[in-house]
Structures are given as C-alpha cells and as structure tokens.
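First the structure, in the form of structure tokens, and then the observations on it.
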C-alpha cells in the first residue's frame, strides 16, 4: 500500500514528511489479490473516508494496470481523517479491511484553487462560487486536442499563457475522438467496443496533464464521451453501447473526481429526442445521487438547446451551449435570443454558459471568411449579457486542434487552415478576453440580468441583425452594462434607476480604455452617441 499527496508543484511520498492539504489530492495505492479479465466490470473497490464533524465520503478506486488500484480523495475540511477499503471480491484480503489515517492542514500557497476549492453552484444556482460563496467566473479555452497531443513542455507553456490572460478553465477531450485518433505518444484511451479495455499507459500520461492544469490555477473541463464521430467510429459517445460508455465514463470520473474539474459528460452530441433516454441513463449511472462529485454538464452541437428534456435530471448542474462558428443573421439571432437567453428561466435554475462560440481564425460557415476578434468579442458579450452571466469560453483555431504546422484539422475540412498553436496563443481576441475579465471583475457581474427596458428605442435591423443591442441591469437597479455591436448611438430609459444621478462610462472592449459618457437623472429618454466606430460597452452606475 502506498499513499501520495498531489498538490501544486509537489508530489510527496508517505513516510517522507508528506503533508495533506485541504482541497489537495490524497491518493491511496492498493494491490489486489489477483488480476481481473475485465477490471471495469468484474470487481468494484471502494474506500470509505471519515473526517471531522460528519464528513463521510465513498470513493471508487480505479484500475491502473496489473493488480494495481488507486483511489483519490480531495478533503474539504481540516483535521484528522481515516479510510477503510473494501472490494466486491470478499475473498480479497489484500483489499478488504485495509485502512489508514492522515491529517489535513490548510493550504497557504498562492494557488487560488487550493485556497478556495473547486467551483460549486451559488446559493441561487445562477453562477459558480468557491468556498465561502466567492463568485468564480468561468472563462475557458477550448483546447480539445491539447491534453492529447501536447508535450509536457508545450502544455506548461500553453497553461502559463492562458493563466496570464486571466482564463480560469481549459476544455479538452480525454479519449481518442473525431479530431484526435491517438495521443502524442501513439497511445489510445481504450480498445474494443463490447467490451472495452482501458489502457493505463494512456491515462497515466493524462494524469500529468490534468494535474498540470490545476497547478496552473485552472479548472479542468474534460469531455468524457465525445459524441460526434467519423466513419471510423472512434468517438465513444456514439460508438460504444450504453453500458460500455457508462463503464468508460465511470472510470474517468473515478480517476479525476478529486481534481478541480467540471465534467462534460458528452461532447458535440445530439442529446434530444430519441437520444435523450440514452444520455439520461448514462448521466444517472455516472453521477449517482448521494456521491461526492464535481459539477457536470454536456456540450451540445451548434445552435441547439436540448435542455428542456433534462430539466429534472439531478446530475445536470450547468447548461452548456455552442453558439458556433458563423457570421450570418441567423447565427447572431440565436446567439442573442436563443440558447442561454431563452433557457435561463427554466427551473430548477442552472448557470448557462456558451462553451463554444466563434473560434478566432476559423472559417465562418456562411461567408467563408476568417472569424476575427470582433466576431469573438460579439459572441462573448452576447452570451454573457443575454442571460445572467456565469462565464463563457474562447477558442483559437490552431489551439483547439493543437496544430504544429499550417494545416486543416483532421475531419474538419470546412474550418480552414489552422496556424501552429503557439502563433494563436496571443491572437487579439485572446488578449481581449483578459480585458473582458477586467471589466467584469470591476463590477458585481453575478447580479446582472437581461433588461431590454433600459432601451427607450429598441429598434434594430431584424433582417441583418447587425445592430442588436444587449442591455443588462443589476438586480438592485444600481448599475447596468450594455453592449453595442455596431451602433452609432443608443437611446436609454433610465427610470429603472428610480432616484439619484447615473454616471455613464464608455468602455472600449478592445483595450479596456474608459471615457466619460455623461451624468443624468433617471429620465425616460437619453440619447448617446458612441465614441467611435465598431463595438462598445456602456457602463451605468448610480
């Protein structure tokens, strides 16, 4: 039996002065009495953890090759803990009855995840918080192939770059899929279809990639079962029978549930209609009620909203969307009035997040032009202000595929040539995500709600949809943020502010530069001219 502690930048062996920390990863390694032909189904090994107060959690161990099994646990309180192992193979005396104890201290280092813990739902279930209810802004990058195809050095450079631009999360695929048939070492996550056999060598490499994400202060957002496949049938969300898909997703969850993560059970899937029953069954089996687990959602196909059919699924914590890679009126109308804008009022409440908006330098599906930073900004601000904001994702064409040369991504011929990933790290739109974070960090963004009543004149070009303004007002009616995509000016109705004076500030979303817009009483109509061409933000404060 071995015990390790996995924390930011340190891995300590038990007996060598190891110290366990709150929100760290405590790992127990066990040797079973024998090997199993199908370790995903022939046996189940669990550890029961007991800690201060009434802390009691059950953790599933995962197979890691031969007779080796591991269990990972993230303590959320300080003090003394004990654990005891058990196996469904009651004759295995090497597992049954094994026990241990450890002490947990408060983490005092600089990593905000290990200080504040993983994201949880807020009290009103509208946004995400860390320990103590501190709002946590989801700003994720879609590096779908990143964990698969990067070297350790590349991954470290990439994570440092995204952290420097104030990203808080990284989305990636954990198995072979449509655009990545194997990892950088030529390994696959599993072989076969019925039954499958997981490949420990693949997952041991993935361990290091996911640990590195958390060490960089970022939350991992792994896709368990990509659900759009090619003729080769490589993507597990559609190629595997439901029971094998469940077994694979359970394995991934057991391996990484102690890390700071938000699960994407499915990726790019069609979850509605005839497919809903399959995905509901998978979700309930992978995320059973009563077990300690990280938040979960699913990533759907472009401009689709299947969530009305999942309203009462207890495992579905976040409603994710894909506004997609377009530039015509239909795309922008969906971005501004469909998806999150239409679904956020569903009960029970859930955060709504666009997890795949326009990718910078991707070819637009309509005009066939490269998507620029303006389209990236517009998609982001539409997504954030058309519903109560919880966060948004960003994507760069060469990063999601992890290109090392100028090339068209595998099985994505309509997306255009992707530049090498390192040339995409500092695209203008990526830098402007930091500007966006700074703007939102300067206000109580979690209090914003869509409010078209802020516009005294709500006319726009319904056919072209190029000038559709998005206004949002705080619940306490004391500040507002308004996005103008391409408007010479705006007419405001300030009566919602009720009393006092309202100060207006123009904000350039490209640079964050601010300039005064004026000061007014809460009158029914105020006309303002934008300070320049292009898109602008208007911040109003009492």
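Numbering (our numbering), first residue to last: -15 to 526. By construction, the Cβ of each residue, glycine as well, lies at the ideal position given by its N, Cα and C atoms. Nothing here was measured: the structure is a model prediction, and the numbers come from that model.
For residue 227, the enclosing alpha helix (DSSP H) covers residues 226 to 240. Excluding the 5 residues flanking it on each side, residue 369 has same chain C-beta neighbours closer than 6 Å at 454, 456, 467, in chain order.
In the three-state reduction of the DSSP assignment, residue 185 falls in the helix class. In this structure residue 399 is buried. Its beta-carbon is surrounded by 16 or more other beta-carbon atoms within 10 angstroms.
For the pair residue 62 and residue 29, the CB atoms are not nearer than the 9 Å cut-off.
If only uninterrupted alpha helix (DSSP H) runs of at least 4 residues are considered, those enclosed by the stretch 36 to 124 are 96 to 100. Between residue 217 and residue 170, the alpha-carbon positions lie close to 18 Å from each other. DSSP places residue 525 in no alpha helix (DSSP H) but in the uninterrupted beta strand (DSSP E) bounded by 520 to 525. Taken atom to atom, the span from the alpha-carbon of residue 470 to that of residue 518 is near 5 Å.
When Cβ pairs closer than 8 Å are counted between the two stretches, the stretch 358 to 365 is seen not to touch the stretch 97 to 105, the count staying below three. Here residue 491 carries a strand assignment [DSSP, helix/strand/coil]. Relative to residue 247, the option among 282, 79, 257 whose CA is nearest is 282. Taking residue 262 as the centre and dropping the five residues before and after it, the same chain places the C-beta of 226 closer than 7 Å to its C-beta, in chain order. The Cβ atoms of residue 208 and residue 236 sit closer than 9 Å to each other. According to the DSSP secondary-structure assignment, residue 205 is paired through a beta bridge with 155. Around residue 233, the same chain offers 208, 209, 249, 266, 270 as residues with beta carbons nearer than 7 Å, after the five sequence neighbours per side are excluded. Contact check for residue 253 against residue 285 passes: the beta carbons are separated by less than 9 Å.
In this structure, DSSP gives residue 338 an extended state, which the three-state scheme calls strand. The stretch 291 to 350 contains, as complete beta strand (DSSP E) runs of 3+ residues, the segments 303 to 305, 336 to 338 (chain order). For residue 262, the enclosing alpha helix (DSSP H) starts and ends at 260 to 270. Taken in chain order, the complete beta strand (DSSP E) segments of 3 or more residues contained in the stretch 448 to 482 are 454 to 458, 463 to 468, 473 to 476. In the DSSP annotation of this structure, residue 401 is not part of any alpha helix (DSSP H), being labelled neither H nor E. Distance from the CA of residue 421 to the CA of residue 15, rounded to the nearest whole angstrom, comes to 47 Å. Excluding its 5 nearest sequence neighbours in each direction, residue 22 has C-beta neighbours in its own chain below 8 Å: 179, 181, listed in chain order.
Within the same chain, and ignoring the five residues on either side of residue 483 in sequence, the residues whose Cβ sits closer than 7 Å to its Cβ are 506. Under the three-pair Cβ rule at 8 Å, the stretch 106 to 117 does not count as touching the stretch 134 to 143. Note that the C-beta distance between residue 385 and residue 405 is below 9 Å. Beyond the five residues adjoining it in sequence on each side, residue 31 comes within less than 6 Å, by CB distance, of 43, 55, 67, 69 in the same chain, given in chain order.
If you compare the alpha carbons of 318, 415, 379, 417 with that of residue 402, the shortest gap goes to 379. Residue pairing by DSSP places residue 161 opposite 164 in a beta bridge. DSSP places residue 504 within a strand segment (E or B) once states are collapsed to three. Assigned with DSSP and collapsed to three states, residue 170 falls in coil, not helix or strand.
If you ignore the 5 residues before and after residue 451, its C-beta comes within less than 6 Å of the C-beta of 444, 445, 470, 471, all in its own chain and listed in chain order. In the DSSP assignment, residue 282 falls within the beta strand (DSSP E) that extends over 280 to 284. Secondary structure of residue 288 (DSSP, three-state): coil.
Residue 434 is bridged by DSSP to 456.
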